[in-house]
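In our numbering, the protein residues as written are 365 to 516.
See below:
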């Protein structure tokens with residue numbers, strides 16, 4: 365088993381513990397590591413991942429960004445900027461502002477769609493009400509005599 369420069373550390377959180385703590389699955393954590401959203405995680409002597417408090421804080425941030433529907437590609441851009449250090453603060457803020465603008469546009473589109481559906485539903489209710497008034501449904505005590513044949 366290759367280490368690839370990963371620090372050996374027997375202390376820290378297991379993948380199961382950190383997954384539960386951050387509201388993710390172990391599969392997601394491994395994926396995030398594979399696509400570069402998190403740096404390679406330290407390993408215990410047995411080769412199992414060991415996460416730190418700093419890892420937990422970053423994973424919580426990533427979890428929040430996914431909750432905003434930020435695409436993985438944008439999260440990768442943000443992570444790369446973060447790795448470059450404090451000099452990228454403005455670029456990171458701009459990335460978040462761009463995502464916020466995207467969300468605002470999506471909200472506006474959803475509000476428009478919601479208004480359209482509200483209008484259409486109101487129209488259908490009017491049609492249903494007219495239909496009930498014009499040809500009421502017969503209940504068990506009401507009989508339409510025109511359908512009965514009189515034989516004599």
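No residue lacks a Cβ here, since even glycine has one placed at the ideal position from N, Cα and C.
- Start-to-end residues for the alpha helix (DSSP H) that takes in residue 402: Premise fails: residue 402 is in no alpha helix (DSSP H) and is neither H nor E.
Same chain only: Cβ atoms within 6 Å of residue 367, ignoring 5 sequence neighbours per side | The pLDDT assigned to residue 367 is 46, lower than 50, so where the model puts this residue is not dependable; a value taken from the coordinates is nonetheless given after this. Non-local beta-carbon contacts of residue 367 in its own chain, meaning distances under 6 Å to residues more than five positions away in sequence, are absent.
- Roughly how many angstroms separate the alpha carbons of residue 426 and residue 390, rounded to a whole number? Cα-Cα distance, rounded: 14 Å.
Assign residue 399 to one of two classes, buried (16 or more other C-beta atoms within 10 Å of its C-beta) or exposed (fewer than that).
Here residue 399 is exposed. Its C-beta has fewer than 16 other C-beta atoms within 10 Å.
Could you name the residues of the same chain whose beta carbon sits closer than 8 Å to that of residue 444, not counting the 5 residues immediately before and after it, in chain order?
Hits under 8 Å: 400.
Quiz item: Are at least three pairs of beta-carbons, each pair with one atom in the region 406 to 419 and one in the region 379 to 387, less than 8 Å apart?
Solution: With the cut-off at 8 Å, the region 406 to 419 and the region 379 to 387 touch.
- DSSP beta-bridge partners of residue 415: For residue 415, which the question treats as bridged, DSSP gives the partners 377.
Item to complete: Kindly indicate which residue of 433, 428 and 411 has the alpha-carbon position closest to the one of residue 466.
Response: Checked all of 433, 428 and 411; the closest Cα to residue 466 is 433.
Exercise. Taking just the CA atoms, how far does residue 421 sit from residue 459?
Worked result: The alpha-carbon atoms of residue 459 and residue 421 are separated by roughly 20 Å.
Alpha-carbon to alpha-carbon, residue 397 and residue 404:
Roughly 6 Å between the two C-alpha positions.
query: Where do the N-terminal and C-terminal ends of the alpha helix (DSSP H) with residue 437 fall, by residue?
result: Its alpha helix (DSSP H) spans residues 436 to 447.
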